[in-house]
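Our numbering applies: residue 893 is where the sequence shown begins, and numbers increase by one.
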Amino acid sequence: MACQDCGQERSAGLCEACDHRRQTETLIGEAGLLKATWSADPTDPAAVA
Numbered sequence: 893m894a895c896q897d898c899g900q901e902r903s904a905g906l907c908e909a910c911d912h913r914r915q916t917e918t919l920i921g922e923a924g925l926l927k928a929t930w931s932a933d934p935t936d937p938a939a940v941a
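Here it is as structure tokens:
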């Protein structure tokens with residue numbers, strides 16, 4: 893079964909390199925959300941909503 897992203901054969905649907913890339917993209921997104929959470933002013937209703 894080929895990799896869904898790059899097409900490498902015999903990779904069980906997702907090769908190691910593409911799996912790491914996807915995990916890295918997810919972690920970067922989560923880090924951005926975490927940063928946004930801590931930068932919001934909890935006393936400002938517009939920032940908390």
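Note that CB positions come from ideal geometry on N, CA and C, so glycine has one too.
A894 and E901 closer than 8 Å at C-beta: yes
Counted within 10 angstroms of its Cβ, other Cβ atoms place C907 as buried (16 or more) or exposed: C907 comes out buried.
Helix, strand or coil at A894 [DSSP, three-state]: coil
Helix, strand or coil at A923 according to DSSP, with G and I counted as helix: helix
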